[in-house]
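To keep things clear, I will list the structure first and then write my remarks on it.
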Amino acid sequence: MSTKITFEDLIAEVENAYEIVEFVGPDGTVFAMRSLVILPREARRSVVAAVAVANNKSADVDQQETAIDKVLVSVVDKPSEFQSVLDALPLGAKVKLIEAWSEGTQAGEA
């Protein structure tokens, strides 16, 4: 007897293994911030590169903020809607949001 795994089932299983962080925008729109490990390869690479810039102590504040923006837009489920919300957030709020995403999207206990 063989085991059958569908693409949809596999993706759903992986997505269920990792928490999402929900961020509610000013108009009530809920944005799901997904874990790094469930992003497609190119998005994941982009996020990893942006995180390196954000964490680089020698990068200027504008470079770091641009990198944080790139991470946040890459991980949300509705990036085009999220952009205007992101533009309204001060840097300190963006830092708190990326910290919440980083801590909140870790794999659950098996």
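For the record, in the sequence shown the residue sitting at position 51 is 51 according to UniProt numbering, with numbers rising by one throughout. No residue lacks a Cβ here, since even glycine has one placed at the ideal position from N, Cα and C.
Helix, strand or coil for residue i? Go by DSSP, reduced to three states.
i          : result
residue 19 : coil
I'd like the span of the beta strand (DSSP E) that includes residue i, first residue to last.
i          : result
residue 32 : 30-33
CB-CB under 6 Å to residue i, same chain, minus the five flanking residues each way: which ones, in chain order?
i           : result
residue 100 : 21
What residue does the alpha helix (DSSP H) around residue i start on, and which one ends it?
i           : result
residue 105 : It is not in any alpha helix (DSSP H) - residue 105 carries neither H nor E in the DSSP assignment.
residue 80  : 79-88
residue 49  : 41-55
Quick one: what's got a C-beta closer than 7 Å to residue i's C-beta in the same chain, skipping five residues either side?
i          : result
residue 1  : none
residue 15 : 38
residue 55 : none
Judging by CA-CA distance, which residue of the options is the nearest neighbour of residue i?
i          : options     : result
residue 31 : 94, 103, 78 : 78
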